[in-house]
Every structure is written in C-alpha cells, then in structure tokens.
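Notes follow once the structure below has been shown.
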C-alpha cells in the first residue's frame, strides 16, 4: 500500500519547529518514505490525498491513560483521589469483565482517533482484551503492568511484545501504596532479567508522599529507586510532588516524568512544577489519565493546562512555552513509551500522522502554527488521524471495523449494570 | 417563520438541571412558543428538524471578550499583562481601522458559532463596525464602552440600543489605570442620567490593585464604588484579586463578577477565588477574554478551568461543581449582559438554542449530561447554533451570508499588515 499526502504544510518536528510549505509525504507499508519535496509524479500510488494546505504533523501520544474506564465517566466526580478510588472506582471496576473492558477500550479509541492521538500508554486490568481492542481498531498502544501477579506481568510482557506491530507491554506497578515492598523487589528482579524499564504512579498527591515517608522513610521516587526499579529506565505518572532529590534521581536515571494536569486539577491533587522539571533537564511527556478522573481524552486540553498552570505556578507568562509543550505531547510521549520510530515525521519512521484543519476560525490567522495548536487549538481541528499508514479517522468518519453507535450502546449497558 | 425541533433531550435550565427526554421545542419569529410536550401535529411548520436524541440547551454567553482582536492571535504570547498590552497590543491596535475590526469581528463570530456561543459581551474600539458585523452575521452582542470620550459613549448608547434586536450597548471603562478620576466621575453621571449599569476590567492582576491603592488609597472596586459607578448595577471583568470589602461591595450592589480563567492563566495573572465569590452570594458569569490573550473563544475550556482552578485553589475536589459552572456559562452570562429573555429555554424567551451532539465518544456513556458537558465536553460536540430563531451554524456549515474562506483571507492580510 503506497499513499501520497500532497499540497500540505508539514511540521515534521524532526529537527526544528519550522513548517514546510507546499510539502508532501510518501508512505509505504506503514512507514514514511520521504517528507518534503517528493517524487509524487514518478511513483504509482494506491492512494493520493490533497491536503489542501492543511497541516500534517506527528500524532499526539497520550502517555498515561486507563482506556477501559470510559464506562465510569461522569459517574463519580467532585471527590478527592483517595475517596474517589476507594469508594467509587474500585468497587465498580470489580464488576468489569474482560469483554466489558474490550468494549470500553474501543469507546476510548474512538475518542483518541477524533482527538488526533495515535498512540496511548495504557494501564488497566485485562491486558489481552485491551490489546485485542487496540489491534482490532488499528490503534497503537503500549501497556504498562498494573497487577501484583508478576508471573502474569512476565507472561504479558512476552506475549504482547511479540504479537503485532501495534501493541507493546512494559513492566509497571500501580503505585507504591498498592504494591508491597516484597512485590516491588520481585518486580525489580523482573526488570533486571529483561533489562526493561518500569513505570508507575508516582507522587500524585501530597498524602501519597507523606504515607510513603511514614511507611518507608523516603519518598516514592527514592523508594522505587532504592529497590532498583529504575535501573533500566522507566518513569512516573503525575509527578506533582517531587523533592529536589527526587528530581536528581529522575535526571540521573534518565527516567520520564509524565504530566497529567487535567486529572490533577479535577481531583484537586496539585500543580506539577513543570518549569523546574525542564530546568533540571528531566524528560517530559503528557497524558490525559483515565476518563473517570479527567474526564476527557483530549491532548489539546492537557497541552493548554501544562503551559497555563506552569505560567500560574511561576507567576511568569513566559514559562513553558508552546513549543516545549508541543514537543512533550508528541515526541516526548513517544520516547516515554519506547516508540522511537513514531516520534517525528522522517523517512523510515512509522506513518503515525495527523492532519490539522487550518481552515477553522480558531486556527486563523496563520501567524504562528505551533502557537495556534497549543494556545487556541482544539480537537475539533483534527481532520484526519493515520496510524501505521492507515487512515483510521477522517472528516468525522471512523475506520475501525464497527459502527460507533453499536459501541456506544454496549458501553451504555455496561455503565448501567455497574452503576 | 415557525420552526419545530423534535425528538430531543432538553436541558431547559429554567428551574432545574433535569433533562427532558423525548421533548420538543416550538419556535416562532425568534421566540420560543413551548418547550417539552408540544403540539407538533396540530401546527403547520415552516421547518421541522429531527434532533435524533441529541441535547438542546441554552446557548453559551461569552460574558467578556474583545472580538476584534482575532488578527492578533498568536502574534504576542508568553508575556505578562502589562508588557503584553503596552509593547505588543496597543501599538498594533493603533493600526486597525473600523473596517479591519469589522472583518476581525466576523472571524470571531465564526468561532463563537462553532463553539455554541449565542451572545457576547464585547468591548472594543469601533462599536458601529462591531455592531455591523454582529448584525450582518445574525450574532447577538451587547457592547460595553471602552472609550474615554464619553460623548461618544452616550451616542453609542442611544444608537446601538435602538437599531436591532441583536445588539445592545452598556456604559463602561477599560480599567481604572487607563481612565482618569475626572472621566470616571463623568461616566458615573452618565450612568445616573440613564439609570444604567457600568462594567470595566477590575482587579485582574495584583499590580493593578497595588497601583490603584497607590493612586487612590483604595482598591479598584472601592474606587469605582466611591464614584457611584455601581449605583445602577454593572460589574467587573476578571475579579482575580478582590478583598473582603470588595466582595461585600459586589454582593451589596448586586453587581456581576465575570470570570476569565483562560486569559488569567495564560498571562499568569492568578486564580480568581470562585468558591469564595459563590459563598458570598455574588452573581457570576464567565467570559473568554479576547483571542490575543486566551487565545481561543471556547466556553468549554473556560468552564473546565473555572471548576478545575477552584478545586486546586481550595484543595477540594468538590469545589464549584459542574452544575454551578454550567449555570454561570449560560444564564449567568445572560444576566450580566441584561439579556433576561435569553437565559433559559421557556415559552416567550428568545430562541438562542444550541444542539450538543451526544453521539460523540467524549459524551458517552450518558451517565450525567451536565457533567459530561462541563468535564468532558468540547466545542467539537456543537452540532447546531441557533440565535433568535435562526440556525446560524449546523454540521460545520455557517449561515452568515459569506464564505468563511473569504473572511480568513481578509483577516490574514490585516494580520500581515500590522505585524
């Protein structure tokens, strides 16, 4: 399959934020052949699409989510994290089957596609049915371990990393407060056995950090690091309350801090100090968190929150500008997920490409495209989402092998059953 | 012209947040005939539209904006308010003609319509060409005085309140720091002459309040009140730094605090204490502020910020819940603008109605519609925007008498000229 996207503005993000004018991208078998001036006339194409001056750029990478929680959206709001989890979420999640999670994940995928998200870093309960949903819909996904059954994590690791170019798996832990020290030590051994990174929720709330210090005499980052969990990389989700020593560990280990501002504001968890993380040279990515805590899966909202909350926190309107945020939301996320061939638009990279409709009032005038995307952009500007060379969404129409209305109906029934 | 919208869920907001199922709305000559169970079969309709189970609700009211600034979008970012205004905005605004502002306002109207905004409270430089743009596009607008030439304000007041059901005008001042005490005293006399409310920017930044205390020995709210500016109502835009005495004045005078969180975060101005304003019983509305400081005209983003920032500021996830925010963004804004027949859906009210597409992944499942709108909603869910009984936007198509691309081209030229 050879596809040519022509007559496009292109933000490759490969080496700068410059926008190529009148460019084109050639794609073959899921990978990019060339970007920029193409040989459009000398190749026989299966598909040629006139982009009509709109923008092509790398898809957004949602670097922390729990896709299967869509059925819980708007069912439990206006509560702090601990009560929200223990009173509202855990009891209802216990009623979800793997098939339920398959359907709920497909609902999330519809939202990812219509929001320009081409890959997600997903942590949830039933990795096989999550992977089934992702593969059936053509969505790219790296899953992260959440179960304390480490034999299961090892099985998932071996099976899910070898069954499709779309799905992967990394070792992980939900959080220090839900995993015992013994299990975390075993997890560290597993990570050493495979020389593989480890991710987990980390320093999301002040009380989580206080609790860890009470239990272990150190912060969640120090504790995980002391067990060797970060010896082969990895990182933490949320990272709202990192101490100076925590930041040193993140920097020295080269591990990722994944920011989740939408969830952090809605659960009143706090504001991550993104400016200071950047100043320390810590690698950053952005995620939506799950649809029960955020409640939407929209990287545009997250990007505006990352920059806006940093400006507020530092009383400095120049803090964490649009270009830095755009990098975190695309190439940054790809780096965190280990998707090093999905980060930018360049020959040989996977064709995970989105089209942004510049012919929309909030994207006009075209004074500065990256700033328009971060400061005034919206998921309503997503015209096309391509993953691995296949267009999965364009002009409001999904290509996932099923009618959205059927998915809506099934998830509605699940929601009503567990309410 | 008689229009019937049927097969709809309806959030009237008239006396509760309950959603009517299988309802309909009858409309004649710009006003609502009935809401709920209709006489759909016994009336002859010019137009009957199957809403297919989607939601009808009152349009959003953008209670503070500067529409004509669209040409400045993404031209001056990442600066604090004072430098942003003096170095970047004022010199460029000086190059704008009334015709330029007409075009730039039309670009803003496209964005309002596609975002479900049915009325705006606009403050800008050339009230006649702004009113022309609003009327030509069928947009509802109340303008607020910004000029220190009070003879002009009186002329605008008399002319713009009597030329169309779509446009109105109120007395106003840009801010205490741009208006002399003498002119504010004259403005107070004008407000008393017409027994009419007065609005202005108020306590947007800490330095504004400090400067006012240095100049006048009291806060901007105390100063305006001492001059009698609020004797016939009105209110303030932003209201980030209100003292306890300021809040008492707002409450006692019954004046409106208009929240602008998007602008306040982007300019690093601060977080308004919405919870405390609510606790004091102060009337609240929400605005986007202009497209050069926000940079988008999207009430969904503002709503999420109002609730999210309040949750953060109070470390309380239950602070300012979705229903309160939804009220501020619709009926609240109408109240601030004096549009008392545009606030809710009820017989006799103006037909300013929007359709929210519930068949979208971020609006599923339908566990709680108001929460879905505030916590996971997006302007991408706006399917239809009706103002004064006329559909001005539906399914991506505008009905404003001109092709959007022509407006984009003209505003692009203006932007390039003033850059």
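Chains as they are written, first to last, in this note's numbering: chain F, 1 to 419; chain E, 1001 to 1419. For each residue, glycine too, the CB sits at the ideal point set by N, CA and C.
Across the stretch 369-392 of chain F, CB contacts with chain E closer than 7 Å involve 371, 372, 375, 376, 378, 379, 380, in sequence order along the chain. When Cβ-Cβ separations below 8 Å define contact, residue 301 of chain F makes contact with chain E.
For residue 214 of chain F, the nearest beta carbon of chain E is not closer than 8 Å to its own beta carbon. Between residue 1200 of chain E and residue 1174 of chain E, the CB-CB gap stays under 8 Å. Contacts with chain F (Cβ-Cβ distance below 9 Å) from the stretch 1256-1271 of chain E involve 1261, 1262, 1264, 1265, 1266, 1267, 1268, 1269, 1270, 1271, listed in chain order. Interface annotation, residue 1075 of chain E: in contact with chain F, CB-CB separation under 8 Å. In this structure, the straight-line span from the alpha carbon of residue 1359 of chain E to that of residue 25 of chain F is close to 33 Å. For residue 1111 of chain E, the chain F residues whose Cβ falls inside 7 Å of its Cβ are 361, 362, in order along the chain.
Taking 4 residues as the minimum length, the alpha helix (DSSP H) runs contained wholly in the stretch 1099-1169 of chain E are 1127-1137, 1150-1160, in order along the chain. Sequence-ordered contacts of the stretch 1307-1319 of chain E with chain F read 1307, 1308, 1309, 1311, 1312, 1314, 1315, 1316, 1317, 1318, 1319 [C-beta pairs closer than 8 Å]. When C-alpha distances from residue 1383 of chain E are compared across E:1207, E:1357, E:1060, E:1375, the shortest belongs to E:1357. Interface flag for residue 1230 of chain E against chain F is unset, since no Cβ pair is found closer than 8 Å. Going by beta carbons, residue 271 of chain F and residue 260 of chain F fall outside the 8 Å limit. Close to chain E, meaning a Cβ-Cβ distance shorter than 8 Å, are the following residues of the stretch 287-301 of chain F: 291, 294, 295, 296, 297, 298, 301. Between residue 1139 of chain E and residue 1290 of chain E a beta carbon distance of about 16 Å is seen, past the 8 Å cut, so the two are scored as non-contacting. Within chain E, no C-beta atom comes less than 7 Å from the C-beta of residue 125 of chain F; the nearest is roughly 18 Å away. The residues 71, in chain order, have a CB closer than 6 Å to that of residue 415 of chain F in the same chain once the five nearest residues on each side in sequence are set aside. Collapsing the DSSP output to three states places residue 1084 of chain E in a helix.
Closest option to residue 206 of chain F, judged by alpha-carbon separation, among F:239, F:186, F:194, F:9: F:239. For residue 1056 of chain E, the enclosing beta strand (DSSP E) starts and ends at 1055-1058. Under the three-state reduction of DSSP, residue 287 of chain F is assigned to coil, being neither helix nor strand. Setting aside the 5 residues that flank it on each side, residue 1144 of chain E is surrounded in the same chain by 1123, 1170, 1172, 1199, each with a C-beta closer than 6 Å to its C-beta; the list follows chain order. Just measuring C-alpha positions, the residue of F:275, F:196, F:327 sitting nearest residue 314 of chain F is F:275.
Between the alpha carbons of residue 1133 of chain E and residue 402 of chain F lies a distance of about 44 Å.
Three or more Cβ pairs drawn from the stretch 50-64 of chain F and the stretch 329-342 of chain F lie within less than 8 Å of each other, which places the two stretches in contact. Ranked by Cα distance from residue 1257 of chain E, the options E:1203, E:1343, E:1413, E:1380 are led by E:1203. For residue 1143 of chain E, the nearest beta carbon of chain F is not closer than 8 Å to its own beta carbon. Apart from sequence neighbours up to five positions away, the residues of its chain that approach residue 1388 of chain E with a beta-carbon distance below 8 Å are 1030, 1138, 1140, 1165, 1166, 1350, 1351, 1352, ordered along the chain. Looking at the DSSP output, residue 1257 of chain E sits in a beta bridge with E:1236, E:1284.
Taking each of F:11, F:4, F:2 in turn and checking the Cα distance to residue 343 of chain F, the smallest one comes out for F:11.
In the same chain as residue 126 of chain F, and ignoring 5 residues on each side of it, the C-beta atoms closer than 6 Å to its own belong to 98, 101, in chain order. Closer than 8 Å to the CB of residue 1018 of chain E there is not a single CB belonging to chain F. Within the same chain, Cβ atoms closer than 6 Å to the Cβ of residue 1105 of chain E are found at 1067, 1068, 1130, 1133, the five residues on either side in sequence being excluded. Annotation for residue 411 of chain F: no beta strand (DSSP E) segment contains it, though the alpha helix (DSSP H) segment containing it runs 404-418. If you check the CB distance, residue 1268 of chain E and residue 311 of chain F come in under 8 Å. Contact annotation, residue 1177 of chain E with residue 1208 of chain E: C-beta distance approximately 6 Å; criterion of less than 8 Å satisfied.
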